[in-house]
Amino acid sequence: MGKRIIKYIKKILYCLVQVIYSGDESCVICSGYSEESEALCTVCRKKLRRSEESFYIGSSEEEYVARSVFYYSSIVKELIIRLKYKNDFICGEILAKYMLESVKNNYLEFDLISYVPMTKRALKNRGYNQSEFLAKYLSQFLSIPVTCNLIKTEDTKDQIGLSGDQRWDNMKKCFEIKGSEFIKNKNILLVDDVITTGATAFHCAHMLKENGANNIFILTIAKSNV
Ligand SMILES: [Zn+2]
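What the sequence shown shows, in UniProt numbering, is residues 1 to 226, in sequence order.
Here's what the structure looks like:
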């Protein structure tokens, strides 16, 4: 009887070790073998489409420099969806690491990190803000503080059926600033997950600038053309 129990315990331990072991060696996307305990396997990493060039959003009267680490496709899309809608912070960490790498490789310099906010209602529904998660990860590894003074006051109305200009205008008045003294003359990195038309990031950057920030640089994980 005693032997059977020991055998049983040994079996459980073996299974646990297998779970831990396989967790370390398998890709979070395809569960395929991943060497050196990388979160993504070689095949999935090859599918990441890098976006190398920085770009401008806005018009010549008021524009901001932006950079995305990737294009919004395939693996990146999957990682972002998991972070955004499935509480998957392991995927969040993978993305945040790539963001950190981009900050370092492009020698981006700034005094503060900010992020695109969500309305109170949206935050309550999701339980967290994925852009805040990314900003806080960067803050931790760069030892640069995060400022939470951008506020989203209204949920953006349904954008479907609106023209580009209408979409852009739809975003106006959605954002406010509290505690503007913290951003005076500061260079700010504004973080978001995906940039599409650029309207959201532009209006956030505009609020920071209007309230005394010096320079705003926008960094997103992905750039989508849809
Ligand atoms: Zn994979």
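All C-beta atoms in this analysis are idealised placements derived from N, C-alpha and C, irrespective of residue type, glycine included.
Cα-Cα separation, residue i to residue j
i           : j    : result
E210        : L100 : 27 Å
A205        : I218 : 8 Å
N149        : L190 : 12 Å
I216        : A66  : 9 Å
G127        : K136 : 16 Å
residue 227 : R49  : No answer is possible for residue 227: the residues shown for the chain start at 1 and end at 226.
V116        : D88  : 19 Å
Y21         : L134 : Bear in mind that the predicted position of Y21 carries a pLDDT of just 46, short of 50, making it unreliable; the figure below should be weighed with that in mind. Using only the alpha carbons, I get a separation of about 28 Å.
E25         : C41  : 9 Å
S180        : A222 : 28 Å
N214        : I94  : 31 Å
I188        : E36  : 35 Å
L138        : E38  : 20 Å
R167        : S34  : 42 Å
R45         : C91  : 13 Å
H203        : E52  : 24 Å
Contact under 7 Å by Cβ, residue i with residue j
i    : j    : result
K77  : T119 : no
T156 : S114 : no
M171 : T196 : no
I80  : D169 : no
V69  : Y98  : yes
L83  : Q130 : yes
Contact test: residue i Cβ vs ligand 1 heavy atom, cutoff 6 Å
i    : result
C148 : no
C91  : no
C41  : yes
G32  : yes
I29  : yes
C44  : yes
Rounded distance between the beta-carbons of residue j and residue i, thought under 8 Å
i    : j    : result
I183 : L208 : 6 Å
G32  : V43  : 6 Å
I144 : D111 : 7 Å
Y85  : S224 : Not a contact, Cβ separation roughly 16 Å.
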